[in-house]
Structure formats: C-alpha cells, structure tokens
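Read through the structure below, which is laid out as structure tokens, and then see the notes.
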Amino acid sequence: MERPFSHARTLCIAGVSATALLWGAAPAFAQEAAPAPEQEEATTVDEIVVTGFRSSLQQALNVKRREAGAVDAILAEDIADFPDQNLAEAIQRLPGVTIERVNGQGTTISVRGLGADFTRTRINGLEAQAASGGNRNRSFDFSMFASELFNSIKVRKTQSAEIEEGSLGSTVDLQTGRPLDFSRSGFNSALSVQASYNDLSEKTVPRTAGLLSWSNEDKTFGILGSIAYSERSPILEGFNTTRWQKGDATRAYGVGQNFGGCVPCTTEAQRTELLNAFYPRIPRYTFGNTQEDRLGLTGALQWRPSDRTEVVLDLLWSRLNSELESPNVEAWAFSRAAVNNVIVRDYAIDANKNALSYGVFDNMLVRSENGFTRNESTFAQASLNVRHDFTDRLRGNMKLGLNKSEARTPINVTYAFEQAGVNGYTIDFRGNDRLPMINYGYDITSGQNFTLVQGTRSTSGGDFDNNVVAGALEYDWNPSLTFKAGGEYRTYGFSTWGVSRAATATAGADRITGVDALGKIVSIDGKIGVPDGSSMNFIVPDIWKINDFLSVYDDPLVPNRSEREVDETDKGVFVQADFNTDIANMVVRGNVGVRYAQTEVESKGWQTVTTPTGPTYSYVTATNDYDDVLPSFNLAIEPRDDLVIRLGAAKVMSRPTLGDLTPGGGVSPTTRTVSYGNPLLDPFRATNYDLSVEWYFQNEGLLAAAVFYKDIDSFITSVTESIVWSDLGLPDDLLQGAARPTDVFQVTRKLNGQGGSLHGLEIQYQQPFTFLPGLWSNFGFIGNFTYVDSEVDYGAAGKNRLTGQSKNTFNTTLYYEDGPFQARVSAAYRSGYLMSFPGGNGNSEEGMNATTYVDASMSYDISDSMTISLEGINLTDEYNDRYVDVADRVSDYRHTGREIAIGLRWKY
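For the sequence shown, the working numbering begins at 787 and goes up steadily by one.
As structure tokens, this is what we get:
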C-alpha cells in the first residue's frame, strides 16, 4: 500500500517560500538536485520538475499551499546563490522576520515581534546554540555561519505537538546538504569564488565555497563534504553620546550632575533652563576598524539500503574570528563628577528635545581612548538520524546528537589618555541633530599635555552544550488518519568565566605625561559628513606600543567573579494525530496533539556577602523544576481549489534567559538586604492563535493575509519585596551568624511579573507580469507586509510595547528573468523599536529608529555549468540610528558602507 503523504516528503526539502527565494536566497546545488526525504511533512504534493526560476516559485507556492501550519522556507538552488552575508540576512526576507545588526551584519532574528531569546533553532533536526563574542544568552547568532553551508531553511510560526517546546515565536530549521539529494549518482561538485568591495573601508576581501559529493550507482550510499570561507573588513564610522543626562535646577552649581557655573545665565530663568536640559554624557565621533574571517565545514554520510531504511550522519563545524580596534576622543567630563567643574561660556537649548543644541565650555576633561578586542568563536555538531518503515503502515525515527559552542575573548584591552583644564570646547547640534560640529579648542593631535591614566586587560569565555536523544513512531490508521507518538531527552549546559587586571589606573612610571611616543594619529576622512570646523584628526593610544611600555602588562590576571553556570535537563513526550480527508466536498487537513515537558534547572553564581570586616564571596548553587502540558491544533480547509483557510492554536513556553537565572548577587546579613537573579523563575508561557486565508489566483500568483494573537502570561521583571530568608533557596551559611533563616530580608531580584498581549497581521502578494506584452512579461513582483502591536506591563514604569518589536515591516522585490539572465532589486523596511524601557539617566526609553536596506543582484549563465554574478548589499549605505527618550535624542548614529561583490560559480 502506498504510504499517505509520500509525495509530500518528496517535495518538502525542495520547498521554498516564494517571498524568501526572490529575495535572493536561492536553492541548492542545481536544478538537478533531487529532494531529500523529510519526516515532518504531512501533505500531498504533485511532483514538479524545476526548469527555471519561475518554476521554482510555483513549486514554493505548492508547498506553502499544502502545509497544515504556518511555515516559510528558503532553499539554495546553487551553492553560493545567497546574496546575503550570512544566514540572518537571508532569513530576514521571510514575512514577519526582522534582524539585529552588529558591526554592519545580521546576527540574531525576531519573528512576529518576539526577540531572539524566544526563538529556537535546530540544525539537521537537533536543537542548537551558536554564540560569538560576548553572547551569554539563549539567542542563536546566525553570523557564525556562511549561508553557503545550508541548502534549506524553514521558519515554523505555529506549533505542533511533535515539535519540541521552547519557543514563543518560531522554530527555525537549518539543513545542510546530503549526498543522495542529487538526482545523478557518482560525483557532483560545485565551486564559487567572489571578491567583495566595501566603499567605506575601500578594501576588497575574498569569499569562496566548495562542495564535493559522491554516491554509488544504486544511490544507496553517499558521502558529501563542503567548505566555505569568507572575510569582512568594514569600518564602523559614526557619532555617539552613550546616553543623555540632566542636572537639577533645585540644587546649586557644582552639585550632583550640575555644571560648575554659567557665564551667560544672568537670570534665574536662564539658570533653570540650563540645569534642567539634557546634555550628552560622552559625545564623540568613532572610527572602528573590524577584521573578520569565517570558516565553515560540513560533512554527511548517508546510507539508504532500501526505501524502508535510511541512516544519516551529519557533521558541522564553524569558526568565526573577529578583531575590533575602536579609537575615539571625547568630552569625558560630562559623564563624571568632573562636570561639577565645567563652566558654560555660551549655550542654546532645543526646546522640542529639552536638550543642549549648542555649547561652549571651559575647564573640560578630555579623554582619548583606544580599545582592541579579539573574539574567537567555534561551533561543532554531530547528529545521527535514523528512519525505518517496519511495515507499510508503521514507521519510526530516531535522532542522537550533540553540539558545543565556545565563545572566547582572549584579549580585550583599553587604554586612555586624559587632559584636564581644557577651555573652549564647542559642540553644535543646530545644523544636524545626528552629526554635531565638535571642536576641542586646541590641537588634539598633540600628546604633549595628555597623561596615560588607564589600562585595562581581560580575558573571558562562555560555553554552551546540547546533548539530545529523541525518537518517534508513526502509524497509519487509515489513508486519512496517522497517529504519532515520541519523546526526547536533552541536557543543556552553560558556563561563563572571566579574569582581568586587578588595578586599571596607571601609577608610578606608567602614569606618563607627554604621550606622543605612545600614540598614533587617527583621522575620520569625512565620508560620514561631519560639519566643517570639527576636530577630526586626533591622537589616540597605540595599543601595541603601550603593551610593550606598561610595566604591569604581563602581570597575572585575576578572577573577577563573573563565573556563572546553568545546567538543564529537559524531558518531553508527545502524542499527535494527523488527518487529511474530504468533508462537504472540501479538503480538510491538519493535526491535533499534546506535549508534556519537564524541566530541571541547576544554577550557580557568586554571592558577595558584606560584613563589618569587609566583603566575602561564596559560589552558591540553587535548583528548580517545573513542567508544562502543551496542547496544539492546526487546521487547513480548502473550500475551493484555489483557496486555503488555516486555523491554529497552541499553548507554548520559552525558558528564562540565562542571565536572569543566576543566584549570584549580593547579601548583607547585617542590613537584611539581598540582590540577585532568580534561579526559581518559571518559564515564559503563552497561548497562541493564528488565522490565515490564501488565494492562489493564478500560476505563481498568491494573495494571502494572516492574523495572529499571543496571550503571554508573564514577563520577567525586577522587583524589591520582603521575603523570609528560608524561602529564597539560598544556603544558610551566607548569613555568617549575623542573621537567622527566619529573618525577613529586603530582596531585589528577578520575578515573573505581569503578562501582556501581542497581535498582528501579515499580508503577502506575489505575481509574475505575464499579462504584459513583450519584454515586460519577464518581470514579476513579490512583497509582504507585517504589522505587530503589543502591550506589556513594566511595573512602575507603566505599559509599553515589547522591546525589539517593530510595529511595521515590509519586504519587496522586483525581479526579471529572461533565459540565462536574472536580476532583482529588493528593499527591507523595519520601523523603529524599543531597546530598553524605561531608559537610563532620566530618559523615558531607548530605541532604534526605522531603517530601509536596499540590495540588488544579477547573474548570467555563461553555460550550463558556469554563472557570473554581480551583487550589491546596502546600496543606500543605510545608517543605524539609535536614540534615547521619546524626544529622539541621538545615542548612536553609524554606518558601515556599501558592499559590491562580483563572483563566479561553477558546478558539475
């Protein structure tokens, strides 16, 4: 008997979200590649032979049309066909997906308004954690991987019982290549080379990828390996203030955050106006220089002795190294007690922003800084997937796997020169509130009066481990009904540590004045559009010269008690029924099921205990456990051949962020106060509802709308409350005899606070312009728009939307295809979003203003095996504009330049 849904398995690995594909994320290894089987598909799709770009779009619509839940995907047709720099930038082309950018490239994703900590990522079916640099949370850093290493990406926006728990927003599935995917036996290979030029750094760097695959003639066994290497060298040029703060007109000059005096303030009204206005804490132009190299390897062994049995071993390894040097010169007095000595010689106030728009200052403290950071990150995974058909109706699958991510910062140094008593420092925002004129009033290229005052050095690291054992059985009760049951056992471990120099202020012979021999001149060459009159050439510490100069550089680094650990054991079981039948001449498909999940947590961290004789330190351990019952339901109804209506509902959960789980903090037994994280936190829990309507009005044509609602039970917040010590879960020996376990303490900690809601709308439209005459019929359009709104209770700060949630996003692509020539231009818009609420230093909030990124690509097939391509990324050189307060005061305004790449791809 033919197994139900077998055709679906044939096509699902070749499925492509129409929207995503046109954004340039395109399919793997050739139109000749045969789709690989997949276990989770539950639909029936007629097999389509892909003969061109538009045929692949139609294939994508077929897959989307027949899914029970909301799933978007990307498939790579030829290796290196992604025009994006990494996986995050490829995934952002999907509806409802936005990305965070660091140093000019995408790193983490948000889906339907929920941030990276609420999204799970699986690689080859195995949950994974990839971290780089200082990442110490649950979010997955997609910049670790070159897009060429993967041949499919799926984003699951609705939950079913067979999908492991852990996400409020989505589950992202990444799949590397396998040797039996190819329709042809024997050897298959591909190679791509590319040169990428950045117009800001004016550097050209390489990007290359290759694949070699072999299978025997019967296609029962194969082996595959691939490699990808790339470099980046962007300049991070911009202006930032860190934050803004204000004084207090009810207090005297020279007190708190107040200036020391004001020459033009001859009336009380002028004094009040000045002291109540915000001023920038650390205004400065920056000129960061980044060097990155990324290497990735994949391997696969695939054995398929019959149609009933398949065994696959997938291997993945990736390394990302980065170096950042970040020189700048800044008005240091504004952010320190030295502001009490600053005299305002002249000023102007922007009434709309309640901020200084212009000022001339005397007795300033000026600092010149330079820092150097090297990050080394690796990821390694091995996974074994086995499936076997015991009978025509009974099937089973099993997966075993482990992965490990290591994020290291082997060197992080910062040096600072300072000069006090500077007169005539001028800053002027009146011509441009993002790029002020800054003049220091003296020659800042001279180190004659600068003093070397500070030198820091540290090393740190973080480790993430996943180990998974899982299995499931499927039984076809009849051609319309399949029962599934299975379970997983997973251990997750996180640890972080750090060592640093005990003393950072220089002393003795190291505290030298007259630093020309220890510095170098840095210039911002005007590409950012700095106003005339600004001081754009300045001396900064030369990292390598000072390393050699400092007598304490090689002194041993000491532990800084940043160590913390989280160990989790997660167990889950599920039952699910998949159905596919006809009711009242309508196709009705879907699944219903329930998942039970149990979590055990052990957290460790440093507690600082304050005593009359000084602080003592204890490394403490706390434990917690919780369980969840998570029902889910997905339904797809086809009232007409060209119409699909989907309904979905599910209870979901996402485990607390790692930083919030630490028991580390401070204890003062004598004052009965405690501050720490909270290892007893419950997970985020929510109930999700989804409804969508899709109209397939012609071949390659789609008009679709989806609405979604998430009722989130609680968010984690910081509170102070009275609690008996014995109820805290902390060891009694921390009390050191100064208090009793029955005493009441004032405890500041993380807590499961009030919940909130999130709702939104997605609209998709796709159509080729085949109705137009001649040349115009080769064009087509794809677009999607997402609206998301939310309301969250932030306690005393009030209610606001979720951090990281943009209200409006859209993606559009205009494409052209005519024989061997293809071209497309794309735009991705993201409206502003909160980054922190409330803000610091009296600001109402901190956030990011809207961005629009424009990319384009074109390619020409020289022959069946050779393609030349030209790509442009961030063609408008978009600025990232971070702000503070609803008044929109600039916090960080920077750009990284355009990327132009020319490449050649070959396949055999």
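For glycine and all other residues, C-beta sits at the position ideal for the given N, C-alpha and C.
Check                                                                                                             : Outcome
Unbroken beta strand (DSSP E) run spanning N1377, endpoints                                                       : 1372 to 1397
V1098 (DSSP reduced to helix, strand or coil)                                                                     : strand
Three-way DSSP call (helix, strand, coil) for D1262 in this model                                                 : strand
Reduced DSSP secondary structure (H/G/I, E/B, other) of S946                                                      : coil
N-terminal and C-terminal residue of the beta strand (DSSP E) that A1422 is part of                               : 1400 to 1426
Inter-stretch contact at 8 Å, needing at least 3 Cβ pairs: the region 1498 to 1509 / the region 1478 to 1485      : no
Length of the line joining the Cα atoms of M1634 and N1183                                                        : 45 Å
Nearest-angstrom Cα separation, counted from V1326 out to R1029                                                   : 23 Å
Close beta carbons around G1085, own chain, < 6 Å, minus the five adjacent residues each side                     : G1011, L1101
Between the CA atoms of A1193 and G1247 - distance to the nearest angstrom                                        : 5 Å
Reduced DSSP secondary structure (H/G/I, E/B, other) of R924                                                      : coil
Exposure label - R1680; buried when at least 16 CB within 10 Å                                                    : buried
Short CB-CB distance (under 8 Å) between V1460 and chain D                                                        : You won't find chain D in this structure, because it holds only one protein chain.
C-alpha distance - G919 paired with G890, whole-angstrom precision                                                : 15 Å
Sheet register partners of P1327 (DSSP bridge)                                                                    : G1305
Beta-carbon spacing of Y1669, V1676 below 8 Å                                                                     : yes
Cβ contact (3+ pairs, closer than 8 Å) linking the region 1136 to 1148 and the region 881 to 898                  : no
Proximal residues to L1186 (C-beta, below 6 Å), its chain only, five neighbours per side dropped                  : L1170, V1255
Those residues which DSSP pairs with T1237 across a bridge                                                        : E1204, T1299
Validate contact between the region 1072 to 1092 and the region 1105 to 1125 using beta carbons, cut 8 Å, 3 pairs : yes
T1277 beta carbon less than 8 Å from that of Q1240                                                                : no
Local conformation of P1222 per DSSP, three classes                                                               : coil
Reference L1087, options P1069, A1124, W1000, closest by Cα                                                       : W1000
Any 3 or more C-beta pairs closer than 8 Å across the region 1417 to 1436 and the region 936 to 949               : yes
Bridge partners - T1212, DSSP secondary structure assignment                                                      : V1146, N1225
Cα-Cα separation between T830 and R852, rounded to whole angstroms                                                : The pLDDT assigned to T830 is 37, lower than 50, so where the model puts this residue is not dependable; a value taken from the coordinates is nonetheless given after this. Rounded to the nearest angstrom, the two C-alpha atoms are 7 Å apart.
E1059 in three-state terms, based on DSSP                                                                         : helix
Secondary structure of G1434, DSSP reduced to three states                                                        : strand
Identity of the residue in L1600, N1161, A1636, T957 nearest A1642 by Cα                                          : L1600
Environment of S1320 [buried if 16+ CB atoms lie within 10 Å]                                                     : buried
Expected contact under 8 Å - CB spacing of V1285 and V1344 to nearest Å                                           : 6 Å
Backbone CA spacing between G1046 and Y1133 [nearest angstrom]                                                    : 14 Å
Beta-carbon proximity of N1044 to D1034, cut-off 8 Å                                                              : yes
Residue(s) in a DSSP beta bridge with W1562                                                                       : Beta-bridge pairing links W1562 to no other residue.
Cβ contact check for the region 1325 to 1340 and the region 1379 to 1393: 3 or more pairs under 8 Å               : no
The region 1154 to 1168 touching the region 1188 to 1204, judged by at least three CB pairs closer than 8 Å       : yes
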